[in-house]
Every structure is written in structure tokens, then in C-alpha cells.
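Engineer: In our numbering, the protein residues as written are 1204 to 1317. Even for Gly, the Cβ is constructed at its ideal location relative to N, Cα and C. What you are looking at is a predicted structure, and each value in this text was computed from that prediction instead of being measured.
1. Would you give the residue range spanned by the alpha helix (DSSP H) that residue 1281 belongs to?
2. At a cut of 8 Å, does the stretch 1300-1308 reach the stretch 1260-1280 through at least three beta carbon pairs?
3. Rounded to a whole number of angstroms, what is the C-alpha to C-alpha distance between residue 1272 and residue 1257?
4. Kindly indicate which three-state DSSP category residue 1208 falls into: helix, strand or coil?
5. Kindly indicate the opening and closing residues of the alpha helix (DSSP H) around residue 1230.
6. Per DSSP, what kind of secondary structure is residue 1262 in: helix, strand or coil?
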């Protein structure tokens, strides 16, 4: 049950959204036990954002939530892949990207919790 939420000040066209969906669907398998079959995405472009007091460069905040959790090693590998994905597709420099990870033992779906 992974969820990846993206907020960026970049305009995300339908083409770029589709590219992100595809690449994120592949990348989620870096986290053990996670797959695109359960992946939910939210992609918000044109968000007013500032980094270091400036909004003139492409920036993004990516929030990765997972049922259970993931090791620091797996999260590190995922961060490397996310950095590549957002650089390739949205032109965001590695030092203008934050990624956070949250694991939980309580996750609801279909009227129940796992």
C-alpha cells in the first residue's frame, strides 16, 4: 500500500504526468514488498513553492508513505531513483528536491484496516 505524493512548482503536462506514473510505478519495487499493483499517486504541479527563499528554480517535495515501513538502505536507493526520475522528467536538480518517508502499521482500504 504505497502512496507517493508530489508537489512541485513545475507545470506538469499530461505527457509528463504519464511519464512520472510509469517511472514511479517501476521505482516502487525498490522498496521490498511494494509494487505498482497497490501504488496510489498524487501529482500536483504549479504549486507556489519556495526553497532557500527563492521560487525561480524547479523544486519538488515528494512524500512516500508505505504500509509497514522500509529500511534506511531501501529508502536511500529509492531517493536515488526518485532524484533521477524528477531530474529527467521535470528538470529538478538533486539539491532542489526533498523526499520524506513514512511507514505505518495502520492502513485502511476497502472498509477495513490491514
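Structural biologist: Reading it off the structure:
1. 1275-1293
2. yes
3. 33 Å
4. strand
5. 1217-1230
6. Three-state DSSP puts residue 1262 in coil, outside helix and strand.
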